[in-house]
Amino acid sequence: MYYELFLRSFADGNGDGIGDLRGATEKLDYLSSLGMDGIWLLPIMSSPSYHGYTVTDFYNVNAIYGDIKDLRLFLAEAHKRDLKVILDLPLNHTSTNHEWFLRALNGEKPYSEWYLWLEDESWLRARRPWDRQQVWTPIANTFYYSLFGPGSPDLNYDSESLWHECRNILSFWLSLGFDGFRFDAAKHIFDFSRETGNCEYQHDRNITFWSEMTSHSRKINSEAIFVSEVWDDWETVEKYSSTFGIGFNFPLSYVIKEAIEGRSVQKFIDGFRGTMPHYFNNNRTFESGVFLTNHDMTRLVTVMDGNKDQALFALSILMSVPGIPFMFYGEELGMEGVYNELFNEEQLEPFPWYESGFGPGQTEWKAVDKNRPGMGRSYEKQSESNESFLSRFRRILLFRKERPWLRWATVDNIWEESGCLCLELKQDERKISFIYNLSDSARSLRTGEVVHILTGSATTVDKRTNLGAWSCAVVE
Ligand code: ACG
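For the sequence shown, my numbering assigns the number 75 to the initial residue and increments by one for each residue that follows.
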């Protein structure tokens with residue numbers, strides 16, 4: 075299990091109100107107590123943006139987070155606790171303030187070749203595939219290609235010397251002790267076609283690029299971990315995943331949430347078959363990075379309209395599917411937040427350590443709105459009770475932690491019975507069944523002896539189980 079950590083909002087180690095590496099180092103025991111095996115660190119390189127995806131120096135830590143020494147300590151302390159750490163690396167673009175871009179504007183080589191400039195007026199008609207936004211930004215007498223907006227000019231990987239630079243970047247971070255990378259925007263390396271003058275994903279060329287980068291990394295650390303961010307349908311995710319070893323399963327995150335919203339077992343079964351086909355057999359060439367939400371999405375409790383039982387139910391489903399679960403920071407507290415593309419700080423609010431909103435380590439870099447003091451959402455408040463959202467959430471995580479074999483399990487069967495969803499998994503001699511009630515009222519069905527209630531309530535009498543609303547029972 076991996077924890078997706080946004081340093082700025084997590085824990086402050088130097089009293090400036092901004093989360094940093096020292097602060098996060100202090101909280102590693104907390105992450106271990108949640109059952110985590112690793113951390114996905116959102117970008118930490120020098121950057122003018124709060125999210126860090128527009129980089130100004132690929133070989134340095136953003137000064138607000140600390141320095142290389144702080145990073146080494148963070149990595150060493152994480153490793154002491156058997157926590158792997160992967161770095162989010164946005165190689166698709168830079169900041170407009172990156173020296174490379176500034177020198178490119180001056181016409182200096184090789185930098186001028188490292189970005190994409192308008193060569194034909196007709197290219198201006200190109201639009202971003204998913205929302206039809208324009209992709210060319212005017213500057214001086216020309217335009218540069220910038221799929222993610224004017225602040226992030228795309229790098230042009232037609233240039234050989236850029237590939238060389240990327241290999242150096244990977245070597246740099248791996249030598250510092252990172253265990254691998256979450257490769258940002260993996261399908262975007264080549265996403266503009268000179269031939270048609272349109273945005274078009276060139277999947278084969280992208281995969282060639284990533285094969286080169288991952289094999290280079292494996293020469294430095296043969297066990298390096300790579301996770302691809304390919305936000306797309308299942309077929310596209312699958313195309314890329316073998317190269318990386320782990321591919322984020324975006325479609326599954328929708329299937330789980332939509333099935334709950336629609337209270338539809340059939341929707342889940344159809345979606346699951348479509349988004350996890352590789353888990354029905356043993357011959358896998360990659361694993362799924364499974365998750366419910368991330369920093370580009372509305373938070374879990376908010377999606378569930380504030381219904382915490384449904385949120386825990388969603389987590390129970392996630393914790394029973396094969397693959398590697400990833401969890402966005404703060405979801406364990408039931409933090410709320412709506413994703414807003416233009417101002418996406420909304421779901422990045424400071425992690426509330428204290429009920430008063432203040433105290434040592436608390437970050438205060440932005441105003442809080444959805445997760446205010448006194449709402450009972452803090453770590454402090456929720457640690458007082460065994461029945462708090464945090465305590466219930468943690469128990470579900472620990473259930474998974476105690477069954478590491480589920481990562482490699484095969485799905486034996488998935489079916490509907492008496493309005494409930496049943497999922498059976500196996501590996502060698504091991505077998506486990508999950509029974510979920512995706513509805514607002516109790517259901518009764520024939521089962522084996524329930525040994526564990528992952529969330530909600532269940533009672534078994536004479537092999538008949540009465541399963542409460544939004545409950546998940548386990549027969550093992
Ligand atoms: C990554 C990071 C994100 C970051 C960047 C840029 C990339 O996680 O935080 O932005 O460094 C697209 C890209 C992703 C990208 C997101 C934000 N994420 O592919 O790599 O945008 C469709 C498209 C997707 C698209 C998604 C966005 O297919 O490509 O993601 O919409 O909503 C079904 C469909 C599926 C569809 C979904 C959603 O599932 O099957 O195809 O996805 O529905 O409709 C950061 C900041 C930004 C800043 C940028 C420079 O967060 O604010 O601008 O950096």
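Each residue gets a CB set at the ideal place from its N, CA and C atoms; glycine is no exception.
Fair warning: this is a prediction, and the values are worked out from it, not measured in the lab.
inquiry  = Quick check on Phe463: does DSSP put it in helix, strand or coil?
reply    = The sequence position of residue 463 within the sequence shown is 389, counting from 1. Of the three classes helix, strand and coil, the one that applies to Phe463 here is helix, per DSSP.
task = Whole angstroms is fine: what's the gap from Leu472's alpha carbon to Asn381's?
result = In the sequence shown, the residue the question calls residue 472 occupies position 398. In the sequence shown, the residue the question calls residue 381 occupies position 307. Distance between the alpha carbons of Leu472 and Asn381: 22 Å.
inquiry  = Using 8 Å as the cut-off, can you tell me whether the stretch 139-153 makes contact with the stretch 97-112, which would need three or more C-beta pairs spanning the two stretches below that distance?
reply    = Three or more beta-carbon pairs separated by less than 8 Å link the stretch 139-153 to the stretch 97-112, which places the two stretches in contact.
key: Residues sharing a beta bridge with Gln276, DSSP   = Translated into positions along the sequence shown, residue 276 becomes position 202. Gln276 pairs with nothing; no bridge assigned.
inquiry  = What I want to know is whether the C-beta of Ser83 ends up closer than 8 Å to one or more non-hydrogen atoms of ligand 1.
reply    = Locating residue 83 in the sequence shown gives position 9, where the first residue counts as 1. Checking the Cβ of Ser83 against ligand 1 gives no.
query = Looking only at C-alpha atoms, which of Asp486, Ala260 and Ser492 sits nearest to Lys500?
reply = As a working mapping, residue 500 is identified with position 426 in the sequence shown. Of the listed residues, the one whose Cα sits closest to Lys500 is Asp486.
ask   = Rounded to the nearest angstrom, how far is the Cβ of Leu161 from that of Phe252, given a contact under 8 Å?
value = The residue labelled residue 161 in the question sits at position 87 within the sequence shown. The residue labelled residue 252 in the question sits at position 178 within the sequence shown. The C-beta distance from Leu161 to Phe252 rounds to 5 Å, short enough to fall under 8 Å.
key: Nearest candidate by alpha-carbon position, reference Met393, set Ala150, Asn460, Lys331 and Ile470   = As a first step, residue 393 is located in the sequence shown; it is residue number 319 there, counting from the start. Nearest C-alpha to Met393: Ile470.
task = Spell out the partners DSSP gives Trp210 in its beta bridges.
result = Position 136 of the sequence shown, counting from 1, holds the residue named residue 210. Looking at the DSSP assignment, Trp210 forms a beta bridge with Tyr219.
message = Any contact between the stretch 256-276 and the stretch 220-239? By contact I mean 3 or more CB pairs, one from each, below 8 Å.
response = In short, these stretches touch, since the Cβ pair count reaches three.
query = What whole-angstrom Cβ distance do Glu405 and Thr367 have, given they're in contact under 8 Å?
reply = For the purposes of this step, residue 405 is identified with residue 331 of the sequence shown, where counting begins at 1. For the purposes of this step, residue 367 is identified with residue 293 of the sequence shown, where counting begins at 1. Sure, about 6 Å apart at Cβ, within 8 Å.
task = Leaving aside the five residues before and after Ser123 along the sequence, list all residues of the same chain whose C-beta is less than 8 Å from its C-beta, in chain order.
result = For the purposes of this step, residue 123 is taken as residue 49 along the sequence shown, with counting starting at 1. Excluding residues within five positions, the ones whose Cβ falls inside 8 Å are Ser169 and Gly225.
ask   = Would the beta-carbon of Ile92 fall within 9 Å of that of Thr437?
value = Against the sequence shown, residue 92 aligns to sequence position 18. Against the sequence shown, residue 437 aligns to sequence position 363. Inclusion of Ile92 and Thr437 in the CB contact set at 9 Å is warranted, their separation being smaller than that value.
ask   = Is it the case that the CB of His277 approaches a heavy atom of ligand 1 more closely than 8 Å?
value = Within the sequence shown, numbered from 1, the residue matching residue 277 stands at position 203. No - ligand 1 has no heavy atom lying nearer than 8 Å to the Cβ of His277.
inquiry  = Suppose the cutoff is 6 Å on Cβ atoms and the five residues either side in sequence are ignored; what does the same chain contact list for Ile62 look like?
reply    = No answer is possible for residue 62: the residues shown for the chain start at 75 and end at 550.
message = Going by C-alpha to C-alpha distance, which of Arg466, Glu193 and Ile343 sits closest to Cys494?
response = Residue numbering aside, residue 494 sits at position 420 when the sequence shown is read from its first letter. Closest in C-alpha terms to Cys494, from the list Arg466, Glu193 and Ile343, comes Ile343.
inquiry  = Can you tell me which residues form a DSSP beta bridge with Ala547?
reply    = Taking the first residue of the sequence shown as position 1, residue 547 is located at position 473. Looking at the DSSP output, Ala547 shares a beta bridge with Ile509 and Ile527.
message = Using the three-state DSSP reduction, which class does Asn368 fall into: helix, strand or coil?
response = Within the sequence shown, numbered from 1, the residue matching residue 368 stands at position 294. In the structure shown, Asn368 falls within a coil segment according to DSSP collapsed to helix, strand and coil.
message = Considering only heavy atoms of ligand 1, does any lie closer than 8 Å to the CB of Glu100?
response = Here the question's residue 100 lines up with position 26 in the sequence shown. For ligand 1, not one heavy atom lies less than 8 Å from the Cβ of Glu100.
task = Please state if the CB of Phe387 and the CB of Ser327 are separated by a distance shorter than 9 Å.
result = Within the sequence shown, residue 327 is the residue found at index 253, counting from 1. Within the sequence shown, residue 387 is the residue found at index 313, counting from 1. No, these two residues do not count as a Cβ contact at 9 Å.
message = Pairs of beta-carbons, one from the stretch 271-279 and one from the stretch 172-189, closer than 8 Å: are there three or more?
response = In this structure the stretch 271-279 does not lie against the stretch 172-189, because fewer than three pairs of beta carbons, one per stretch, are closer than 8 Å.
message = Relative to the C-alpha of Gly448, which candidate in Glu335, Leu464 and Tyr428 has its C-alpha closest?
response = Reading the sequence shown from its first residue, position 374 is the one you call residue 448. When each option's Cα is compared against that of Gly448, the closest is Tyr428.
Candidates Asn511, Ala385 and Thr484, of which the one nearest Pro396 by Cα = Your numbering for residue 396 matches position 322 in the sequence shown. Closest option to Pro396, judged by alpha-carbon separation, among Asn511, Ala385 and Thr484: Thr484.
task = Just confirm the distance between the C-beta atoms of Met409 and Arg451, as a whole number of angstroms; I'd bet it's less than 8 Å.
result = Locating residue 409 in the sequence shown gives position 335, where the first residue counts as 1. Locating residue 451 in the sequence shown gives position 377, where the first residue counts as 1. Indeed, because the Cβ distance is near 7 Å, the residues count as touching under 8 Å.
ask   = Tell me the DSSP bridge mates of Gln501?
value = As a first step, residue 501 must be located in the sequence shown, where it is residue number 427. Assignment of beta-bridge partners to Gln501 by DSSP yields Arg504.
Start and end residues, alpha helix (DSSP H) containing Leu149 = Position 75 of the sequence shown holds residue 149. Run containing Leu149: Ile142 to Lys154, per the alpha helix (DSSP H) assignment.
key: Check: Thr367 C-beta below 8 Å from any heavy atom of ligand 1   = In the sequence shown, the residue the question calls residue 367 occupies position 293. Set against 8 Å, the gap from the CB of Thr367 to the closest heavy atom of ligand 1 is not smaller.
inquiry  = From the DSSP secondary-structure annotation, give me the bridge partner or partners of Gly319.
reply    = By one-based count along the sequence shown, residue 319 stands at place 245. Residue pairing by DSSP places Gly319 opposite Phe300 in a beta bridge.
inquiry  = So, does the stretch 502-518 touch the stretch 533-541, judging by three or more C-beta pairs under 8 Å?
reply    = Contact holds: three or more Cβ-Cβ distances are below 8 Å.
query = Between the C-alpha atoms of Glu503 and Trp479, what's the straight-line distance to the nearest angstrom?
reply = As a working mapping, residue 503 is identified with position 429 in the sequence shown. As a working mapping, residue 479 is identified with position 405 in the sequence shown. In a straight line, the C-alpha of Glu503 is about 11 Å away from that of Trp479.
task = Using 8 Å as the cut-off, classify the Cβ of Glu303 as near or not near the heavy atoms of ligand 1, replying yes or no.
result = Looking up residue 303 in the sequence shown gives position 229. Yes.
query = If you run the structure through DSSP and keep just helix, strand and coil, what is Glu405?
reply = Position 331 of the sequence shown, counted from the first residue, corresponds to residue 405. Correct three-state label for Glu405: helix.
message = Using a Cβ-based criterion (distance less than 8 Å to any ligand heavy atom), does Trp114 qualify as near ligand 1?
response = Locating residue 114 in the sequence shown gives position 40, where the first residue counts as 1. Not so, every heavy atom of ligand 1 lies at least 8 Å from the Cβ.
query = DSSP on Ala532, reduced to helix/strand/coil?
reply = Counting from 1 along the sequence shown, the entry for residue 532 is found at position 458. Looking at Ala532 - three-state DSSP - the assignment turns out to be strand.
ask   = Going by C-alpha distance, which of Pro203, Leu190 and Gly126 is nearest Trp210?
value = In the sequence shown, counting from the first residue as 1, residue 210 sits at position 136. Looking at the Cα atoms, Leu190 is the closest of the given residues.
ask   = Just the Cα atoms here: how many angstroms apart are Ser459 and Ile113?
value = Residue 459 sits at position 385 when you count from the first residue of the sequence shown. Residue 113 sits at position 39 when you count from the first residue of the sequence shown. The alpha-carbon separation between Ser459 and Ile113 amounts to approximately 26 Å.
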